[in-house]
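Below: the structure, in structure tokens.
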Amino acid sequence: MRHAPFKRTSFVALALLCALGQPAYAKKMYRWVDENGNVYFSDQVPPDQVKHKRETLSEKARVLDVLEKAKTAEQIAQQKRLDALRKEQEKIIARQNANDKVLLSTFRNIDDMNKALINKMASFDAGQKVIEGNIERIQLQLQQQQQQAANLERGGSKIPPKLLADIAASKQQIEAGKQELLRHQQDRQNSEKEFKADIARFQFLTQANNNDGKPVNGDSLAASNASNELGLFVCQDAGQCEKAWKVAGEFVATHSTTGQDVESEKLIMRAAPQKDDDLSLSVSLLERNNTLQIFLDIRCRQSSLGNELCSGAKAQSIRQAFAPFIQSSLAAQQ
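Structural data, given as structure tokens:
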């Protein structure tokens, strides 16, 4: 076994390879660097050295394979957090992209959507009239039953158990009808709110104004607008992504109200929100559809005020500003 440390210099490495000669490479040879910067060449890796990143060399000293250094428990935990975060973020992206695709393929323009909204609300209104009619019918039935019971009492007769049961049943039906009416009205409000949100989304995806006030449409515009609203920056290449990643880190630090938590090559995440007005930002480097993408996520405290903050205009404006901020910063660097 050959196992000799050398300082990391190209001259020493070259001299060592020459000294080893061809026979030394009859077996696999490994090269690694320890924590002190010493370079090792050997056909075996001692147990106390397996933690380091190492390369497998060919007979001509070409790198055949690279085994990354062993990860610490902290790094493994961090990787698990990254994997979980990326999984959730990719779900968000995929769900939003699917919704956008359906929206753009279902409607031709805003007028079509407004007509569809009117028809949908008319259908809800018709359903409400049916429910209200059923309630009125049962209320009339209850009045007749109660009148019958009153007449019997005035005549000194005992009210039959069946009539009492019918009165109780009518009251229950009326109460159930009122609950159904409330649910129907709530469904109408939610449907109208969601439909109006779809209209705003459709308009956002398909329209923009230039300085002349003329609409500019196109797939590229829709894709750009969608990415901006998602907080997604799509890199042109690896070199641009490396620069964009640094800018993304600056953006996260600027807009987060919580302290630093994780900062690695694929994840920058601020500490979890503790107060209702806390904003905790994170960015992750994703590879999707053979493209590198940087995704911004915003976390708020799990409370009514925190949820409102994350779904409100402030968080949305931060998300929408993310990709343009990176683009403008990269342009300034050129």
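Residues -26 to -1, 1 to 308, numbered by mature numbering (1 follows the signal peptide of the UniProt record, and there is no 0), are exactly what the sequence shown covers, in order. Yeah, the Cβ is synthetic: ideal placement off N, Cα and C, and Gly gets one too.
Tell me where the beta strand (DSSP E) around S165 begins and ends.
-> Here the question's residue 165 lines up with position 191 in the sequence shown. From DSSP, S165 is part of no beta strand (DSSP E) but of the alpha helix (DSSP H) over 135 to 180.
Cβ neighbour criterion (16 or more within 10 Å) applied to T180 | Counted from its first residue, the sequence shown places residue 180 at position 206. With 16 or more Cβ atoms within 10 Å of its Cβ, T180 is classed as buried.
Take the Cβ of P272 as the centre, count every other Cβ of all protein chains shown within 10 Å, and call the residue buried at 16 or more, exposed below.
-> Numbered from 1 along the sequence shown, position 298 holds the residue referred to as residue 272. Position check: residue 272 holds Ile in this sequence, whereas Pro was assumed. By the 10 Å Cβ count, I272 comes out buried.
C-alpha gap between S303 and F296, whole angstroms = Locating residue 303 in the sequence shown gives position 329, counting from the first residue. Locating residue 296 in the sequence shown gives position 322, counting from the first residue. When rounded, the distance between both Cα atoms is 11 Å.
Have a look at L59, K2, K25 and flag the residue whose alpha-carbon is nearest the alpha-carbon of Q18.
-> Residue mapping note: residue 18 aligns to position 44 of the sequence shown, counting from 1. The shortest C-alpha separation from Q18 is found at K2.
Could you tell me the boundaries of the alpha helix (DSSP H) in which residue 327 lies?
-> Because residue 327 is not part of the residues shown, which for the chain are -26 to 308, the question remains open.
Beta carbon of F176 nearer than 8 Å to that of F98 | Walking along the sequence shown from the start, residue 176 turns up at place 202. Walking along the sequence shown from the start, residue 98 turns up at place 124. In this structure, F98 does not lie closer than 8 Å to F176 by Cβ.
Chain-order list of residues whose beta-carbon lies under 8 Å from that of W6 (same chain, five-residue window excluded) | Mapped onto the sequence shown, residue 6 falls at position 32. Closer than 8 Å at Cβ, skipping near neighbours: V13, Y14, V19, Q23, H26, K27, R28, E29.
Coil, strand or helix - R293 by DSSP = By one-based count along the sequence shown, residue 293 stands at place 319. R293: helix per DSSP, three-state reduction.
Cα-Cα separation, K34 to S238 = On the sequence shown, residue 34 is found 60 positions in, with the first residue counted as 1. On the sequence shown, residue 238 is found 264 positions in, with the first residue counted as 1. Going from the Cα of K34 to the Cα of S238 covers about 35 Å.
In chain order, what residues of the same chain have a beta carbon less than 8 Å from the beta carbon of K152, not counting five sequence neighbours either side?
-> As a working note, residue 152 is residue 178 in the sequence shown. Here the set comprises I109.
Terminal residues of the alpha helix (DSSP H) in which V226 lies = The residue labelled residue 226 in the question sits at position 252 within the sequence shown. It spans 212 to 229 - the alpha helix (DSSP H) in which V226 sits, taken as one unbroken run.
Nearest neighbour of K89, chosen from Q119, E166, Q49, G280 [CA to CA] = The sequence position of residue 89 within the sequence shown is 115, counting from 1. Out of Q119, E166, Q49, G280, E166 has the C-alpha closest to the C-alpha of K89.
Run through the stretch 235 to 278 for me and flag every whole beta strand (DSSP E) of 3 or more residues, listed as ranges in chain order.
-> 241 to 244, 254 to 262, 265 to 273
What is the C-beta distance between V208 and Q267, in whole angstroms, given that I count them as a contact (C-beta under 8 Å)?
-> Position 234 of the sequence shown holds residue 208. Position 293 of the sequence shown holds residue 267. With a Cβ gap of about 5 Å, V208 and Q267 count as contacting.
With a Cβ-Cβ cutoff of 8 Å, do residue 342 and L283 count as a contact?
-> There is no way to answer for residue 342, as the model of the chain reaches only from -26 to 308.
Residues near D252 by beta carbon distance below 7 Å, same chain, minus five either side = If you number the sequence shown from 1, residue 252 lands on position 278. Excluding sequence neighbours, D252 sits near T231, T232, C274, R275.
What whole-angstrom Cβ distance do I133 and A123 have, given they're in contact under 8 Å?
-> If you number the sequence shown from 1, residue 133 lands on position 159. If you number the sequence shown from 1, residue 123 lands on position 149. Right, the Cβ-Cβ distance comes to about 5 Å (below 8 Å), so this counts as a contact.
Cβ pair L260, Q63 closer than 8 Å = Taking the first residue of the sequence shown as 1, we reach residue 260 at position 286. Taking the first residue of the sequence shown as 1, we reach residue 63 at position 89. Their beta carbons are under 8 Å apart, which means L260 touches Q63 by this criterion.
So the beta strand (DSSP E) R36 belongs to, where does it begin and stop?
-> Counting from one through the sequence shown, the residue named residue 36 turns up at place 62. Counting along the chain, R36 falls outside any beta strand (DSSP E), and DSSP gives it neither H nor E.
Whole-number beta carbon distance between V257 and I242, since they are thought to touch under 8 Å | On the sequence shown, residue 242 is found 268 positions in, with the first residue counted as 1. On the sequence shown, residue 257 is found 283 positions in, with the first residue counted as 1. With a Cβ gap of about 5 Å, I242 and V257 count as contacting.
In or out: D74 buried (at least 16 other Cβ within 10 Å) or exposed?
-> Here residue 74 is taken as the residue at index 100 of the sequence shown, counted from 1. When all chains shown are included, D74 counts as buried.
Short check: CB of I141 to CB of Q120, under 8 Å?
-> Counted from its first residue, the sequence shown places residue 141 at position 167. Counted from its first residue, the sequence shown places residue 120 at position 146. Taking 8 Å as the Cβ cut-off, I141 and Q120 qualify as a contacting pair.
Could you name the residues of the same chain whose beta carbon sits closer than 6 Å to that of Y(-2), not counting the 5 residues immediately before and after it, in chain order?
-> Position 25 of the sequence shown, counted from the start, is the residue given in the question as residue -2. For Y(-2), the predicted structure reports a pLDDT of 42, less than 50, and the residue's modelled location is therefore unreliable. The matter cannot be settled from this model.
Decide if V76 is buried, meaning its Cβ has at least 16 other Cβ atoms within 10 Å, or exposed.
-> For this step, residue 76 is matched to residue 102 along the sequence shown. Flag for V76 reads exposed.
Under 8 Å between C-beta atoms of H158 and G213 = As a first step, residue 158 is located in the sequence shown; it is residue number 184 there, counting from the start. As a first step, residue 213 is located in the sequence shown; it is residue number 239 there, counting from the start. Contact: no.
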